[in-house]
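This report concerns only the one structure given below.
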Amino acid sequence: MLKLIGALLVVAAAALAGFTVALHYSRRPQQIRQLMHALQRLETEIAYGLTPLPEAFQSVARQIADPLAALFRLAAERLLAADGKPTRDVWNESVREVWKRTSLRAPEREAVLQLGGVLGLSDRDDQIKHLRLTVNQLAAEEEESREEHRRYGKMWKSLGVLIGALIVILMY
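Reminder that position 155 of the sequence shown reads as 145 in the numbering used here, one-by-one numbering, no gaps.
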């Protein structure tokens, strides 16, 4: 009886690991889409609201869910507290700190970091142009991430259960 319980625990743990990886694949397209919407809202704040950047970040943070809301909230707090620190540095630090909590990958991070180089430095039209460019780059990444989710999501779920079963078979 004890062996059966141990075998079930091993299979359950391996299945949980597989489902966790599959969940990562399913969250990535959702978070890319959420980031795209956040950048579009930021564009609206800059273009039509003529809102200063810290306030625009705070507004965007209130309209989206975590963990990406934390990025904009942290950037706004740091911009308000920064004593002459460049916006690019504040943005890059915020991105690097929050990125660990997301399911997003390096291509999305690079696009967002490149955006930080122009936020607050150039005129409104140039910032809008760069925001749109970043949204277009993220749209391409979203399509790729949906394909990866379709391809690898089911595989990881099955693989977790099968690896657990293999471990149990090898143990007996």
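We put the beta carbon where it would ideally sit given N, CA and C, even for glycine.
Between A28 and I54, the gap from beta carbon to beta carbon is short of 8 Å. With respect to the C-alpha of V50, the residue from G74, Q24, L70, R68 having the closest C-alpha is Q24.
When the alpha-carbon of T124 is set against those of E137, S135, L109, the nearest one is in L109.
Taking every protein chain shown into account, the CB of T77 has 16 or more other CB atoms within 10 angstroms, so this residue is buried. DSSP places G39 outside both helix and strand once states are collapsed to three, so it counts as coil.
Around the beta-carbon of R91, fewer than 16 other beta-carbon atoms lie within 10 Å, marking it exposed. The beta carbons of L70 and P44 sit closer together than 8 Å. Using a 10 angstroms sphere on the CB of G150, the tally of other CB atoms reaches 16 or more, which defines it as buried.
Remark: C-beta atoms of V85 and R99 approach each other more closely than 8 Å. With respect to the 8 Å criterion, R95 and P19 are not classified as neighbours on the basis of their beta carbons.
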